[in-house]
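For reference, the structure discussed in these notes is given below.
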Amino acid sequence: MTLIHLASRLYGTPLLIARPKLDVILSVLGSRIGLLPQSLPDLDMALPAPRQSVPSAQTGIAVIPVVGTLVKRAMGIEAASGLMSYDEIDDRLDAALADPQIGGILLDLDSSGGEAGGVFELAQRIRAASAIKPIWAHANDAAYSAAYAIAAACQRLTLSQTGGVGSIGVIALHVDQSVKDAKDGISYTAVYAGGHKNDFSPHEPLSPQASTVLQAEVDRLYDLFVNQVATMRGLDADAVRATEAAVFHGDQAVAVGLADAVLPLDQVLTEFAEALASQRRLVQPGLARASPLSLPSTALTQSRSFTLENPMTDHDPQHDDALDPIDPASQDEPQQPASDPQPTPAASAALAQARATGIGQAQAIAELCLIAGTPQRTAEFLSAGLSEAQVRRALLDARAEQPEIASRITADAGTSLHPEHSPVVAAAKKLAHKE
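Below is the structure:
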């Protein structure tokens, strides 16, 4: 990446970055791109050492570091410059999703943000990927601006005691070098066609016309940022806007709804591992065939009274002896036991597919309730026959009505959920008794 290219991505374009971090970048690069040097607060802040991923083979959790200044394309200089591209994060996300040994993904964030281009698409990609595997985020220590847009897309967001989140805002800078040019004896003349072609030239003051154009784009991106955070976090857009791009630390971040809990990284990993273990226990084989976990998803989403319509039961309700009229003349005749028809390979495959679909639906609902901190509602939702989308909406609505935001999963959540006490199993038994 050339310095000219880098300068074009710093000036005259909206950025999702915390202002202190932007000042650091300008201190490092200003004199190299023709600007007067500024005081240099801390080179380590500008060029953070690349963070290694936490080994995930034993925990089943892939830890993806999101560190440094975030850009759409880093042009191959990530490690040397402290830049990290959205494409690199996306590639690591794809690798974790494809790894069968990985059960969950944790984004380990320490970034003050960066470019606007590409961040919202990455956030939407993360939210979509969370339907495949659980994705959590941990601000360790910073998740500001573009980094917060990424973190907010995760299902659970925690931060360290010294960590901060927020800076939900957009900023754009224009540099007027005309005075410096005059001192250097340099005069620039632009010849152009099109009224806006010379907007944002660094060799003349910013015109009112260009300022209006730039402000309109800043406002547009700000609305997009606010609405996306509100949707991802289940907050009111006005409440997000009311933060006025401030940063929030510790319990203050939890109180305003921008984070779920204040925890150290090792405890987050422990809770995540326990949540994944609980999820695996909820879908252990051996449950009754008529349980919600072994039913097709249509039975879970359409009706409570699904037993007679269940294609996985062994009897046909239209020929049930308890329902057919009894012929008195047939009482003296010995009844010949009817032989059960052998399932065809196609029927067996259909049964397996239906069972897998039902398990996936119930697992997704149980996971949503676990992450929301209300595992006891799993049985309620399964009994009501709600779909995954309906459950997600119900949990978001319930969360919006809460006066305060608290940690969604307690430290002992993973050990308190055993199969014999699981709300999913309880629902399965309850529904099985209704047959």
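Using full-length UniProt numbering, the first residue of the sequence shown is number 1, and each one after it goes up by one.
Glycine is no exception: its CB is placed at the ideal position from the N, C-alpha and C atoms.
Q) If we ignore side chains and look at the alpha-carbon of each, how far apart do T158 and P65 end up? A) 15 Å
Q) With a Cβ-Cβ cutoff of 8 Å, do D108 and V63 count as a contact? A) yes
Q: For E121, name the three-state secondary structure that DSSP assigns.
A: helix
(Q) Between which two residues does the alpha helix (DSSP H) holding A151 run? (A) A146 to A152
Q. Among V247, Q363 and V226, which residue has its Cα nearest to the Cα of A239?
A. V226
Q | Selection from L282, D397, F248 and V256 that minimises the alpha carbon distance to A364 | A | L282
**Q.** Which of helix, strand or coil DSSP assigns to A139
**A.** strand
Q | Residue(s) in a DSSP beta bridge with H249 | A | G164
Q | Of the listed residues T189, A362, I105 and Q124, nearest to L224 (C-alpha basis) | A | Q124
Q | Reduced DSSP category for E244 - H, G, I as helix; E, B as strand; rest coil | A | coil
Q. Which residues in the same chain as G286 place their Cβ atom closer than 8 Å to its Cβ, once the five residues preceding and following it in sequence are excluded?
A. Annotation note: pLDDT 42 at G286 (below 50); position unreliable, coordinate value reported separately. Closer than 8 Å at the Cβ level, and outside the excluded window around G286, lies no residue.
Q | Sub-8 Å separation of G114 and L16 beta-carbons | A | yes
Q. CA-CA distance, A96 and I105?
A. 7 Å
Q) Which residue from A210, V179 and H138 puts its Cα closest to that of G194? A) A210
Q. Grouping DSSP H, G and I as helix and E and B as strand, with all else coil, what is E380?
A. helix
(Q) Please report the straight-line C-alpha distance between L70 and E88, rounded to a whole angstrom. (A) 10 Å
Q: Report the rounded CA-to-CA distance for E380 versus I132, giving the unit in angstroms.
A: 23 Å
Q) Across which residues does DSSP place S85 in a beta bridge pair? A) V71
Q. By Cβ distance below 7 Å, which residues in the same chain neighbour Y148 in space, the five residues on each side in sequence not counted?
A. V165, G166, S167 and I168
Q | Cβ-Cβ distance between D251 and V262 below 8 Å | A | yes
Q: Using beta-carbon positions only, say whether P205 and E367 come within less than 8 Å of one another.
A: no
Q: Determine the extent of the beta strand (DSSP E) in which E115 is found, giving its start and end residues.
A: G113 to E115
Q. Taking the alpha carbon of A152 as the point to measure from, which residue in G60, A259, E217 and P208 has its own alpha carbon closest?
A. A259
Q. In its own chain, which residues sit with a C-beta less than 7 Å from the C-beta of G68, not counting the 5 before and 5 after it?
A. P48, G82, L83, M84 and S111
Q | Through-space distance from T13 to C154, alpha-carbon basis | A | 27 Å
Q) Can you round the beta-carbon distance between V119 and I150 to whole angstroms, since I take them to be within the 8 Å contact cut? A) 7 Å
Q) From what residue to what residue does the beta strand (DSSP E) around L16 run? A) L15 to I17
Q | Minimum Cβ-Cβ distance from A253 to chain B less than 8 Å | A | In the structure shown, chain B does not exist; there is a single protein chain.
**Q.** Exposed unless 16 or more other CB atoms sit within 10 angstroms - verdict on H249
**A.** buried
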